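K.L.:
After the structure tokens below, expect a handful of questions from me.
Numbering (my numbering), first residue to last: -14 to 223.
Listed below in structure tokens is the structure:
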């Protein structure tokens, strides 16, 4: 638990109070009234919120740690794998990776050995705290209507969310986009896959036999084993 004691070690005096009024019309409009405070802490001088006051309020909000300007900003050029990003305190990013060979680790109970396995092309969607992954059958750069498939891995929920187990997720609100993407990929590939989630296998056929056939294999991941997901890339942008 965070210790917030330091936030209360200095005295803060009230400066402004805002009251927001809404009309009772079917399509309501809004009016913001601002108040100053006198030396006794009483509200005085009611007036419409001015443009100057709006600018000061916006600057104060932008400087807060919850809305850090660095979060999901690029240090340099936009990464070629990036598909979509939304910034702000509820920000997230969507990116894709091509079919490739990558190291995967498993728990002993699965009977699979750690090593390099062929993977399908993937779609990733991540916020600061959650990751969802999907598979693609197409080799081209995805579009808004690209069909998605269930990620053929263990530890994946029906909706695509990844159960990260005991992995310690530590992505702060100053994380640049490039680091954000690489951290999530590292978290995913460094986790140990352990079990199927939900009531059905994420692939057609036996998932254990499928992954055994893909260890150190030269052939690409067989798209014919993928199961179509109800979501499209467009659904992930919400």
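For glycine and all other residues, C-beta sits at the position ideal for the given N, C-alpha and C. Keep in mind the model is a prediction, meaning the values are calculated, not measured.
Using a Cβ-Cβ cut-off of 7 Å (strictly less than) and excluding sequence neighbours within five positions of residue 7, which residues of its own chain qualify?
P.N.:
Excluding sequence neighbours, residue 7 sits near 13, 15.
K.L.:
Tell me the DSSP bridge mates of residue 75?
P.N.:
Per DSSP, none; premise fails for residue 75.
K.L.:
Tell me the rounded alpha-carbon separation between residue 182 and residue 59.
P.N.:
Distance between the alpha carbons of residue 182 and residue 59: 35 Å.
K.L.:
Just list the beta strand (DSSP E) runs in the segment 88 to 154, keeping only unbroken ones of 3 residues or longer that don't cross its boundaries, in chain order.
P.N.:
Complete beta strand (DSSP E) runs here, min 3: 100 to 104, 106 to 111, 116 to 121, 132 to 135.
K.L.:
On a Cα-Cα basis, can you pick out the residue from 152, 117, 154, 127 that is closest to residue 142?
P.N.:
Nearest of 152, 117, 154, 127 to residue 142, Cα basis: 117.
K.L.:
Going by DSSP in three states, residue 197 sits in which element: helix, strand or coil?
P.N.:
Of the three classes helix, strand and coil, the one that applies to residue 197 here is helix, per DSSP.
K.L.:
Determine the direct distance from the alpha carbon of residue 38 to that of residue 4, and round the result to whole angstroms.
P.N.:
Going from the Cα of residue 4 to the Cα of residue 38 covers about 14 Å.
K.L.:
What is the DSSP secondary structure of residue 180, counted as helix, strand or coil?
P.N.:
Coil, per DSSP.
K.L.:
Give the DSSP bridge partners of residue 80, in chain order.
P.N.:
Paired residue(s): 67, 109.
K.L.:
Quick one: give me the first and last residue of the beta strand (DSSP E) that residue 161 is part of.
P.N.:
Unbroken run through residue 161: none, as it is neither H nor E.
K.L.:
For the segment 174 to 188 against the segment 61 to 69, are there 3 or more C-beta pairs whose distance is under 8 Å?
P.N.:
No, the segment 174 to 188 is not in contact with the segment 61 to 69.
K.L.:
Quick one: any contact between the segment 74 to 81 and the segment 98 to 113, if contact means 3 or more CB pairs under 8 Å?
P.N.:
Yes, the segment 74 to 81 touches the segment 98 to 113.
K.L.:
Grouping DSSP H, G and I as helix and E and B as strand, with all else coil, what is residue 62?
P.N.:
Coil, per DSSP.
K.L.:
Going by the CB atoms, is the gap between residue 106 and residue 120 shorter than 8 Å?
P.N.:
Yes, the Cβ-Cβ distance between residue 120 and residue 106 is below 8 Å.
K.L.:
Identify the continuous beta strand (DSSP E) that holds residue 3 and give its terminal residues.
P.N.:
It spans 1 to 7 - the beta strand (DSSP E) in which residue 3 sits, taken as one unbroken run.
K.L.:
What separation, rounded to the nearest whole angstrom, lies between the Cα atoms of residue 253 and residue 34?
P.N.:
In this structure the chain extends from -14 to 223, so residue 253 is not present and cannot be described.
K.L.:
Considering only C-alpha positions, which residue in the set 144, 99, 10 is nearest to residue 212?
P.N.:
Nearest of 144, 99, 10 to residue 212, Cα basis: 144.
K.L.:
Measuring alpha carbon to alpha carbon, tell me which residue in 18, 205, 19 is nearest residue 124.
P.N.:
Of the listed residues, the one whose Cα sits closest to residue 124 is 205.
K.L.:
Taking the straight line between their C-alpha atoms, what separation do you get for residue 127 and residue -3?
P.N.:
Residue 127 and residue -3: Cα-Cα distance of roughly 51 Å.
K.L.:
Taking the C-alpha atoms as reference points, what is the distance between residue 100 and residue 87?
P.N.:
C-alpha separation (whole angstroms): 8 Å.
K.L.:
Checking the sheet assignment: what are the DSSP bridge partners for residue 19?
P.N.:
BP columns for residue 19 point to 3, 32.
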